[in-house]
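S.K.: Before anything else, here's the structure in question.
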Amino acid sequence: MPTPEKILFVIDHFRDPYAGAEGQLFQLVSHLDPSRYLPHLLVFSDSAYLSSGQFPCDYTVVGQQRLRSPALWVRLVIMARSFRKQGFRLAHIMFNDASIICPPVFSLVGIKSIITRLDMGYWYTPGLLRTLRLTGRFADIALANSQAVAQVTHMQERIPQERLHVIYNGVADSDGTAPDPVAELEHLKQQGATIAMLVANIRPIKRIQDAVQAVANLGKAFPDLHLVVIGGGDSAALEQQAESAGARQRVHFMGSRNDVPACLHYGDIGLICSESEGFSNSIIEYMQQGLPVVCTAVGGNPEAIQHGENGLLYEVGDVAGLEAQLTNLLSDPEWRQTLGERCRLQAKERYSLAQLAANHQALYDRLIHEGQRGK
Numbered sequence: 002m003p004t005p006e007k008i009l010f011v012i013d014h015f016r017d018p019y020a021g022a023e024g025q026l027f028q029l030v031s032h033l034d035p036s037r038y039l040p041h042l043l044v045f046s047d048s049a050y051l052s053s054g055q056f057p058c059d060y061t062v063v064g065q066q067r068l069r070s071p072a073l074w075v076r077l078v079i080m081a082r083s084f085r086k087q088g089f090r091l092a093h094i095m096f097n098d099a100s101i102i103c104p105p106v107f108s109l110v111g112i113k114s115i116i117t118r119l120d121m122g123y124w125y126t127p128g129l130l131r132t133l134r135l136t137g138r139f140a141d142i143a144l145a146n147s148q149a150v151a152q153v154t155h156m157q158e159r160i161p162q163e164r165l166h167v168i169y170n171g172v173a174d175s176d177g178t179a180p181d182p183v184a185e186l187e188h189l190k191q192q193g194a195t196i197a198m199l200v201a202n203i204r205p206i207k208r209i210q211d212a213v214q215a216v217a218n219l220g221k222a223f224p225d226l227h228l229v230v231i232g233g234g235d236s237a238a239l240e241q242q243a244e245s246a247g248a249r250q251r252v253h254f255m256g257s258r259n260d261v262p263a264c265l266h267y268g269d270i271g272l273i274c275s276e277s278e279g280f281s282n283s284i285i286e287y288m289q290q291g292l293p294v295v296c297t298a299v300g301g302n303p304e305a306i307q308h309g310e311n312g313l314l315y316e317v318g319d320v321a322g323l324e325a326q327l328t329n330l331l332s333d334p335e336w337r338q339t340l341g342e343r344c345r346l347q348a349k350e351r352y353s354l355a356q357l358a359a360n361h362q363a364l365y366d367r368l369i370h371e372g373q374r375g376k
């Protein structure tokens, strides 16, 4: 029986298996074929979660975090040589700092590297782009989670098209069992509420205020419409907005939760109001639960949601447009259900964790066994 191929996964930190990028990494490592791959995690800093032993593979801590520190570069070179001697031939790198420092170091010792891009580059600065364009030359593949992200990476970081690859995110399939009840949402449903779900951390880029305003404005036409926001962050300003708009009783903030699928079970519509998205995990979570989606036409959103086929699109910041699309769904429950069923089927076909793992394994095999790319 062949010896499993050792794969090094590198990330700045790992604190939360339910967070977007960290959650995708957790699921990927969990679903790799153990007969073919032996994963190992390399992190720049430790965390309480990793120390608890719950991550699905062993891990090593670099112990240095400042990119400009010579000690970090020296330590990483020493560690990279050690990993190469242990038989590691490929590293999959996530997050910004790791993507800057690791490709040239790994290339030096003969470890191929994949850098991951998951957003539309809202964090780019002129100085950072200059650095990324330099160190990115040493990466064998830049892996994006949508065609939109791949295009931004090509244009901004100047990575050639032939070194770009796209693999969409994945979500866990429903096992068919009824989820545990969520008391607050159970109560809303018993009162006859129609629930628009919005899963996102409370950050300006998510534009949750647009959803609050739209739900408030639709109160007269649809008095049973409620907004449920799931995600961490300070909700005080949004609560005040809902209060001022006369909608406080119909807007609910549930904080960060580890039972999102159970919460979505109570939803009728899934919302994304972000001004920037690479490829939204929330959208595929909505789809997996059979919720029709109303989302902004940015980034990778239109790659998952085809307007009028499995959801509806609107322009960023256009609250009137958001209200119109919500009205379309709220006025036609039968069509809403049809769109939701299409979402469910498409999520199972396109965004399963089995598909996520298979796509990555095919990429790993290709890189490991092909000849060394000329730099």
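For the sequence shown, the positions run 2 to 376 when the numbering used here is used. Glycine included, each C-beta is placed from N, C-alpha and C at the ideal position.
#1: I need the DSSP call for ARG118, collapsed to helix, strand or coil.
#2: Since ASN302 contacts ILE273 with CB under 8 Å, what's their CB separation in whole angstroms?
#3: Output the distance between the C-alpha atoms of GLN373 and GLY64, rounded to the nearest integer angstrom.
#4: For PHE15, count neighbouring Cβ atoms within 10 angstroms of its own Cβ and tell me buried if that reaches 16, exposed if not.
#5: Can we say the stretch 2–9 touches the stretch 130–147, given the rule of at least three CB pairs closer than 8 Å?
#6: Given 8 Å as the limit, is there contact between the stretch 77–84 and the stretch 21–34, that is, 3 or more CB pairs closer than that?
#7: If you pair each beta-carbon of the stretch 97–104 with each one of the stretch 147–160, do three or more pairs fall below 8 Å?
#8: Going by DSSP, which residues form a beta bridge with PHE10?
#9: Kindly indicate the opening and closing residues of the beta strand (DSSP E) around CYS296.
#10: Can you tell me whether ALA20 is helix, strand or coil according to DSSP?
#11: Jot down the residue ranges of each uninterrupted beta strand (DSSP E) in the stretch 163–189, minimum 3 residues, whole runs only, in chain order.
#12: Span of the alpha helix (DSSP H) holding HIS361?
#13: For LEU199, which residues in the same chain have their Cβ closer than 6 Å to its Cβ, ignoring the five residues on either side in sequence?
#14: As a quick exercise: from ASP120, HIS266, ASN218, pick the residue whose alpha carbon is nearest that of ALA248.
#15: Leaving aside the five residues before and after GLN162 along the sequence, list all residues of the same chain whose C-beta is less than 7 Å from its C-beta, in chain order.
#16: Output needed for GLY234: all residues of its chain with C-beta closer than 7 Å, excluding positions within five of it in sequence on either side, in chain order.
#17: Is MET156 helix, strand or coil by DSSP?
#18: Going by Cα to Cα distance, which pick from THR136, TYR19, GLN210, GLU342 is closest to GLU244?
#19: By Cβ distance, which residues of its chain are closer than 6 Å to LYS190, with the 5 residues on each side in sequence left out?
#20: Which residue's Cα is closest to the Cα of SER281: THR178, GLU185, CYS296?
#21: Does DSSP put ILE102 in a helix, in a strand, or in coil?
#22: Quick one: what's got a C-beta closer than 7 Å to GLY256's C-beta in the same chain, skipping five residues either side?
#23: GLN250 to ALA179, Cα distance in whole Å?
#24: Could you have a look at PHE223 and say whether DSSP puts it in helix, strand or coil?
M.R.: In this structure, then:
#1: For the purposes of this step, residue 118 is taken as the residue at position 117 of the sequence shown. Residue state, collapsed to three classes: strand.
#2: Mapped onto the sequence shown, residue 302 falls at position 301. Mapped onto the sequence shown, residue 273 falls at position 272. Indeed they touch by this definition, with Cβ atoms about 7 Å apart.
#3: The residue labelled residue 373 in the question sits at position 372 within the sequence shown. The residue labelled residue 64 in the question sits at position 63 within the sequence shown. Any reading at GLN373 needs caution, since the residue's pLDDT is 48, under 50, leaving its predicted position unreliable; the model's value is listed next. Rounded to the nearest angstrom, the two C-alpha atoms are 30 Å apart.
#4: Within the sequence shown, residue 15 is the residue found at index 14, counting from 1. Buried, since its Cβ has 16 or more Cβ neighbours within 10 Å.
#5: no
#6: no
#7: no
#8: Taking the first residue of the sequence shown as position 1, residue 10 is located at position 9. Beta-bridge pairing links PHE10 to LEU42, HIS93.
#9: Position 295 of the sequence shown, counted from the first residue, corresponds to residue 296. That run of the beta strand (DSSP E) goes 294–297.
#10: Counted from its first residue, the sequence shown places residue 20 at position 19. If DSSP states are grouped into helix, strand and coil, ALA20 belongs with coil.
#11: 165–167
#12: In the sequence shown, the residue the question calls residue 361 occupies position 360. Note, HIS361: alpha helix (DSSP H), 354–370.
#13: Numbered from its first residue, the sequence shown carries residue 199 at position 198. Excluding residues within five positions, the ones whose Cβ falls inside 6 Å are ALA212, VAL230, LEU272.
#14: Translated into positions along the sequence shown, residue 248 becomes position 247. Closest option to ALA248, Cα to Cα, is ASN218.
#15: Start at 1 with the first residue of the sequence shown, and residue 162 comes out as number 161. The residues are HIS155.
#16: By 1-based counting over the sequence shown, the position of residue 234 is 233. Here the set comprises ASN202, ILE203, ARG204.
#17: The count along the sequence shown starts at 1 and reaches residue 156 at position 155. Of the three classes helix, strand and coil, the one that applies to MET156 here is helix, per DSSP.
#18: Stepping through the sequence shown from its first residue, residue 244 is reached at position 243. Minimum Cα distance to GLU244 is reached at GLN210.
#19: The residue labelled residue 190 in the question sits at position 189 within the sequence shown. These residues qualify, in order along the chain: TYR267.
#20: Within the sequence shown, residue 281 is the residue found at index 280, counting from 1. Among THR178, GLU185, CYS296, the Cα nearest to that of SER281 is on CYS296.
#21: Mapped onto the sequence shown, residue 102 falls at position 101. DSSP places ILE102 in helix when its eight states are reduced to three.
#22: Here residue 256 corresponds to residue number 255 of the sequence shown, with the count starting at 1. Answer for GLY256: GLY233, listed in chain order.
#23: Against the sequence shown, residue 250 aligns to sequence position 249. Against the sequence shown, residue 179 aligns to sequence position 178. One C-alpha to the other measures close to 28 Å.
#24: Taking the sequence shown and counting its residues from 1, one reaches residue 223 at position 222. Looking at PHE223 - three-state DSSP - the assignment turns out to be coil, as it is neither helix nor strand.
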